[in-house]
Amino acid sequence: MLAPIDRGISPRWRTEVASSAKRVFSCRGVESHLLVHVDPMVSCPICDKPVRELNINRHIDSECKDFIDEPTPPAATQGSSANSHGGLKGKKKEKQERQEKEEKAKTFFTPASKKGVSFKDESGDWGSSPSGHMGASTYPPQFNAPPSTAPVATSGGTKRNLLKDETTPGNSETAPQALPAVEPPKKKVKNAHAPLADRMRPRTLDEVAGQDLVGPNGVLRNLILSDRVPSMVLWGGPGTGKTTIARLIAQTAGTRFVEINSTSSGVQECKKIFAEAKNELGLTGRKTIIFCDEIHRFSKSQQDVFLGPVERGEVTLIGATTENPSFKVVNALLSRCRTFTLSKLTDEDVFAILQKALAREVPGLSNTPSSDSSADDQAAQSDDEKLDEKNSFHLLTKDNCSLVRYLANFADGDARTGLNLLELALDLCQRPGTTAEEIKASLTQTLVYDRAGDQHYDTISAFHKSVRGSSPDAALYYLARMLQSGEDPLYVARRMVVIASEDVGLADNTMLGLATSTYQAAEKIGMPECRINLAHCAVALSLAPKSTRAYRGLKAAYAALAEPGVAGLPIPIHLRNAPTKLMKELGYGKEYKYNPDFVDGRVVQEYLPEKLEGRRFLGSRDLGETIDPEIAEMDEQDKVAREYEGGGDEMLLNPDGD
17 MLAPIDRGIS PRWRTEVASS AKRVFSCRGV ESHLLVHVDP MVSCPICDKP VRELNINRHI
77 DSECKDFIDE PTPPAATQGS SANSHGGLKG KKKEKQERQE KEEKAKTFFT PASKKGVSFK
137 DESGDWGSSP SGHMGASTYP PQFNAPPSTA PVATSGGTKR NLLKDETTPG NSETAPQALP
197 AVEPPKKKVK NAHAPLADRM RPRTLDEVAG QDLVGPNGVL RNLILSDRVP SMVLWGGPGT
257 GKTTIARLIA QTAGTRFVEI NSTSSGVQEC KKIFAEAKNE LGLTGRKTII FCDEIHRFSK
317 SQQDVFLGPV ERGEVTLIGA TTENPSFKVV NALLSRCRTF TLSKLTDEDV FAILQKALAR
377 EVPGLSNTPS SDSSADDQAA QSDDEKLDEK NSFHLLTKDN CSLVRYLANF ADGDARTGLN
437 LLELALDLCQ RPGTTAEEIK ASLTQTLVYD RAGDQHYDTI SAFHKSVRGS SPDAALYYLA
497 RMLQSGEDPL YVARRMVVIA SEDVGLADNT MLGLATSTYQ AAEKIGMPEC RINLAHCAVA
557 LSLAPKSTRA YRGLKAAYAA LAEPGVAGLP IPIHLRNAPT KLMKELGYGK EYKYNPDFVD
617 GRVVQEYLPE KLEGRRFLGS RDLGETIDPE IAEMDEQDKV AREYEGGGDE MLLNPDGD
């Protein structure tokens, strides 16, 4: 292979020669036709130097130091002596470019962790941070240029240098001009965008309010501190601390914590989490806690996936639910977990949480007036509050924090709802002239009522028992509660049809017709007008006399059927139907006495099977015979009071006792 002839070619040449190609090179005006066989020349993408194509990889591996094909510079001649000054400038420029390329190549092979932070000033000069690590750089970047002993001359056509030395009168020394101070951005509060309820989550078990399970002597707290956290189901209403307690358990135990929910976590994702937990336990011995929020929303197949890993101890499952786990969690998984019931927060618990949040959100606001302050100081403070036109935060501490107590009562044991209401009140207080009545009017309460959950059945049960107990006030309360929460009015009407026969029964047979008509009215009219029909029927049923003879008799008959052999007893032959000739020949219905043929319909005839002859299912009383001990005590007290009043009258009529 012949070497290429590159005499007189500029260093910044770019050629790509095909093999066995004929090229014409121009060299100082002289044409040379050369037939050469050469390797293609390429330009290094790093240092921009000419390298043969076959050597480009080895050139890069040598950090751009070897395998460089630099062209030979042309010999100096007399004709070029006139341009010697220009040639020197060109060489100097080429040298500077070559140095920049070498520096660029070194930077390319330098690890990122050892690179300095480079930046350009206004003059176009490059600088670097004093430290090789970016984490050590300061904000804003400092330009540490050595001070100059003479002022820098600038021309009108060029930019001013960023650092310019100025000579002050009376002082021959010069000092570099400092950059204007740039204030760093204000540090944002962590989770400042999060709702107040999320920012106020307890960080330790001691901060959890209203739950004795994690209290000083709580069962769950002792299990956590002894590092014996079992798989569990936390059952409680909204805002009672289920999610918070689960996170604190993982934080206290020092385990890996994974949160999943039914909307975004399928079976495949759960299996992936189980595999990661198994590897984590095998490699590091670290346990994994999986927190399943709203576990009652997981399907049966999703819940069955947890059985194996929980039973083998590969994961610790903590499920949170607002529904009864006996109905919403599969029995196999429930038997492998312990169920802890979280109690509903009291109004005082919610009030304490709101007081703590208020102190954190508005640090300068005094929640309670100082007891040792004088009356004048308190009056002056009251005047200052009246003159404060910027906000109305003082409303939250006025009258012994009555507004905060109102919010706590309004939350109904839900800490999350209480904190959301407080956040709304704080926003409203930022408006000048806001009053407490305006804040109360802006609050809306969402009744927690699940038409497929415990609230549904508990409320209708309370309504039924109130009607049975002849308490129209309680019946109206539960009726309004159900309708306000969106319950189907036909569901309530159907229940009252049942009440009319079950509880009123034989005492007032007209109530069944009233209840049936109420159902038809609710079906035809609909809400909201049909609520009046429902209230009419509910009050009438409550005030009506009660009789459960029919209902108790039916229950007694069902109880008899549960006895061995009773359900299959033969029907008496004289009561059997005889539609065919054969049945009549067999004696079916032969000795039956047709009651309407006899006076007053009275006949001697047995109707029960032979084994049950003489047995009675219908009682003779409309109601039971048991006396409530409290009623007996009240009756005794009333009797004594009546006797005392009667004796007092006799004493007044006959003071001498004669």
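Remember, the working numbering sits 16 above the position in the sequence shown when you count from 1. Each residue gets a CB set at the ideal place from its N, CA and C atoms; glycine is no exception.
Please report how far the alpha carbon of residue i lies from the alpha carbon of residue j, in whole angstroms.
{"i": "residue 332", "j": "residue 494", "result": "41 Å"}
{"i": "residue 268", "j": "residue 223", "result": "13 Å"}
{"i": "residue 600", "j": "residue 512", "result": "46 Å"}
{"i": "residue 419", "j": "residue 413", "result": "8 Å"}
{"i": "residue 343", "j": "residue 242", "result": "31 Å"}
{"i": "residue 620", "j": "residue 606", "result": "15 Å"}
{"i": "residue 582", "j": "residue 576", "result": "7 Å"}
{"i": "residue 567", "j": "residue 640", "result": "12 Å"}
{"i": "residue 421", "j": "residue 441", "result": "13 Å"}
{"i": "residue 112", "j": "residue 82", "result": "20 Å"}
{"i": "residue 389", "j": "residue 479", "result": "Low confidence applies to residue 389: its pLDDT is 41, below 50, so where it sits in the model is not reliable enough to give any reading."}
{"i": "residue 658", "j": "residue 535", "result": "46 Å"}
{"i": "residue 360", "j": "residue 436", "result": "18 Å"}
{"i": "residue 482", "j": "residue 234", "result": "37 Å"}
{"i": "residue 648", "j": "residue 655", "result": "10 Å"}
{"i": "residue 586", "j": "residue 629", "result": "13 Å"}
{"i": "residue 273", "j": "residue 245", "result": "13 Å"}
{"i": "residue 280", "j": "residue 247", "result": "22 Å"}
{"i": "residue 369", "j": "residue 298", "result": "42 Å"}
{"i": "residue 637", "j": "residue 425", "result": "46 Å"}
{"i": "residue 216", "j": "residue 346", "result": "34 Å"}
{"i": "residue 311", "j": "residue 61", "result": "58 Å"}
How close, in whole Å, do the beta carbons of residue i and residue j come, if the pair is a contact with beta carbons under 8 Å?
{"i": "residue 309", "j": "residue 275", "result": "7 Å"}
{"i": "residue 225", "j": "residue 365", "result": "5 Å"}
{"i": "residue 553", "j": "residue 572", "result": "Between residue 572 and residue 553 the Cβ distance is about 29 Å, and since that is not below 8 Å, they are no contact."}
{"i": "residue 291", "j": "residue 304", "result": "At roughly 11 Å, the Cβ-Cβ gap does not stay under 8 Å, so residue 291 and residue 304 are not in contact."}
{"i": "residue 502", "j": "residue 565", "result": "Between residue 565 and residue 502 the Cβ distance is about 37 Å, and since that is not below 8 Å, they are no contact."}
{"i": "residue 611", "j": "residue 604", "result": "Going by Cβ atoms, the distance from residue 611 to residue 604 rounds to 18 Å, so no, they are not a contact pair."}
{"i": "residue 411", "j": "residue 452", "result": "5 Å"}
{"i": "residue 211", "j": "residue 439", "result": "7 Å"}
{"i": "residue 252", "j": "residue 432", "result": "At roughly 12 Å, the Cβ-Cβ gap does not stay under 8 Å, so residue 252 and residue 432 are not in contact."}
{"i": "residue 67", "j": "residue 84", "result": "6 Å"}
{"i": "residue 358", "j": "residue 250", "result": "6 Å"}
{"i": "residue 560", "j": "residue 524", "result": "5 Å"}
Assign residue i to one of two classes, buried (16 or more other C-beta atoms within 10 Å of its C-beta) or exposed (fewer than that).
{"i": "residue 496", "result": "exposed"}
{"i": "residue 329", "result": "exposed"}
{"i": "residue 257", "result": "buried"}
{"i": "residue 264", "result": "buried"}
{"i": "residue 623", "result": "exposed"}
{"i": "residue 498", "result": "buried"}
{"i": "residue 673", "result": "Confidence in residue 673 is poor, its pLDDT being 48 and thus under 50, which makes the residue's placement unreliable; the coordinate value appears in the next sentence. That one is exposed."}
{"i": "residue 618", "result": "exposed"}
{"i": "residue 595", "result": "exposed"}
{"i": "residue 430", "result": "buried"}
{"i": "residue 434", "result": "buried"}
{"i": "residue 676", "result": "Limits of the chain in this structure are 17 at one end and 674 at the other, which puts residue 676 out of reach."}
{"i": "residue 507", "result": "exposed"}
{"i": "residue 300", "result": "exposed"}
{"i": "residue 307", "result": "buried"}
{"i": "residue 542", "result": "exposed"}
{"i": "residue 521", "result": "buried"}
{"i": "residue 519", "result": "buried"}
{"i": "residue 319", "result": "buried"}
{"i": "residue 302", "result": "exposed"}
{"i": "residue 209", "result": "exposed"}
{"i": "residue 505", "result": "buried"}
{"i": "residue 386", "result": "For residue 386, the pLDDT reaches just 38, beneath the cut-off of 50, and the residue's location in the model is therefore unreliable, although a value from the coordinates is still provided. Exposed, by the Cβ-count rule."}
{"i": "residue 650", "result": "exposed"}
{"i": "residue 261", "result": "buried"}
{"i": "residue 237", "result": "buried"}
So what does residue i bridge to, in DSSP terms?
{"i": "residue 66", "result": "59"}
{"i": "residue 277", "result": "309"}
{"i": "residue 356", "result": "250"}
{"i": "residue 272", "result": "304"}
{"i": "residue 335", "result": "249, 308"}
Would you say residue i faces chain D, with C-beta separation under 8 Å as the test?
{"i": "residue 360", "result": "Looking for chain D here will not work: only one protein chain is present."}
Quick one: complete alpha helix (DSSP H) runs, 4+ long, within the region 576 to 632?
-> Along the region 576 to 632, the alpha helix (DSSP H) occurs as fully enclosed runs of 4 or more residues at 597 to 601, listed in sequence order.
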